[in-house]
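Engineer:
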Amino acid sequence: MNMIVLHTTKYKDSSLILHAYTQDSGRKGFLISGLGKKKEKISLFHPLSIIDYETNLKKYGNLSYLKEYSPSFPLNNIRSNIYKSSISIYLSELLYRCLREEYSDNNLYSFLIKSILELERISENYSNFHLWFTIRLTFILGFLSDSGPSGPFNNNNHKESIYTNSFSTKDIEIIENYNNENYLNCSILTFSATQRDAFLSNMIKYLEDQLAISINIKSIKILHQIFQ
């Protein structure tokens, strides 16, 4: 079995509480004990790390104990590139806030794995990767739709008013361009840092409305700074 690391919290002196999205059970919490100050082991649980794991039958409340764990894929480029690592922190924070269901979703899990590996692989033009990911996630969660021959924004139905009331004309252009299964197949759009920031804020607000939760993502400020 494998999982994607979303968030970790230090617990006592030598343990971590790990929140992850798993292939077999969706969102799950784990307790990892006996880490101490072993940086090599702790580094396995960076945001978006993909981990092979086995659990112990014993539980600590709602948390499962991790018995065995090892990296499924090395993500050296993400870890060593300040831009990619900042994007990965944002993606993991977004997923940590949005994904709550404790059941498997193969389509969603496949999208997450492919996206992480694509971020690892691409060597240029990744400044808008987080925008593409947020858009595709919103489609996969069912909050945006491809219904009709002209896409979601030109249909004469109830959804049109929801979309157009939530997004500007520039937002709609960005969404339509980046609604592609492969980031590298998207056109390279030219827009200012202000437009990029405004779009991401509007997407987060839209997700908040659809999920009826508050999505406070601290790493957005970092993205604003490095992609100015």
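Counting from 22, one number per residue, gives the positions in the sequence shown under our numbering. Note that beta-carbon positions come from the ideal geometry of N, C-alpha and C, so glycine has one too. Computed from a predicted structure; not experimentally measured.
May I ask which residues mark the beginning and end of the alpha helix (DSSP H) holding asparagine 97?
Structural biologist: Position 76 of the sequence shown, counted from the start, is the residue given in the question as residue 97. Segment 97-101, the alpha helix (DSSP H) holding asparagine 97.
Engineer: On the criterion of 16 or more Cβ atoms from any shown chain inside 10 Å, does valine 26 qualify as buried, or is it exposed?
Structural biologist: Here residue 26 refers to the residue found at position 5 of the sequence shown. Flag for valine 26 reads buried.
Engineer: Less than 8 Å between the C-beta atoms of leucine 96 and serine 70, yes or no?
Structural biologist: Walking along the sequence shown from the start, residue 96 turns up at place 75. Walking along the sequence shown from the start, residue 70 turns up at place 49. Yes; because the gap between Cβ atoms is below 8 Å, this pair is in contact.
Engineer: Can you find at least 3 beta carbon pairs, one from the region 115-134 and one from the region 47-54, that sit closer than 8 Å?
Structural biologist: Yes, the region 115-134 touches the region 47-54.
Engineer: On the three-state DSSP scale, how would you describe arginine 217?
Structural biologist: Reading the sequence shown from its first residue, position 196 is the one you call residue 217. Helix at arginine 217.
Engineer: Return helix, strand or coil for tyrosine 254, following the three-state DSSP convention.
Structural biologist: Residue 254 is absent from the structure shown; the chain starts at 22 and stops at 249.
Engineer: With DSSP as the reference, please indicate the residues paired to alanine 41 in a beta bridge.
Structural biologist: What you label residue 41 is simply residue 20 of the sequence shown in a count that begins at 1. Paired residues: Val26, Lys49.
Engineer: DSSP three-state call for serine 113: helix, strand or coil?
Structural biologist: Position 92 of the sequence shown, counting from 1, holds the residue named residue 113. Note: serine 113 maps to helix in three-state DSSP.
Engineer: Does the beta-carbon of serine 85 have 16 or more other beta-carbons within 10 angstroms, so that it is buried, or is it exposed?
Structural biologist: Mapped onto the sequence shown, residue 85 falls at position 64. Serine 85 should be labelled buried.
Engineer: Do tryptophan 153 and tyrosine 204 have their C-beta atoms closer together than 8 Å?
Structural biologist: Here residue 153 is taken as the residue at index 132 of the sequence shown, counted from 1. Here residue 204 is taken as the residue at index 183 of the sequence shown, counted from 1. Yes. Within cutoff.
Engineer: In angstroms with no decimal places, state the Cα-to-Cα distance between tyrosine 104 and isoleucine 241.
Structural biologist: Locating residue 104 in the sequence shown gives position 83, counting from the first residue. Locating residue 241 in the sequence shown gives position 220, counting from the first residue. The straight-line gap from Cα to Cα measures roughly 12 Å.
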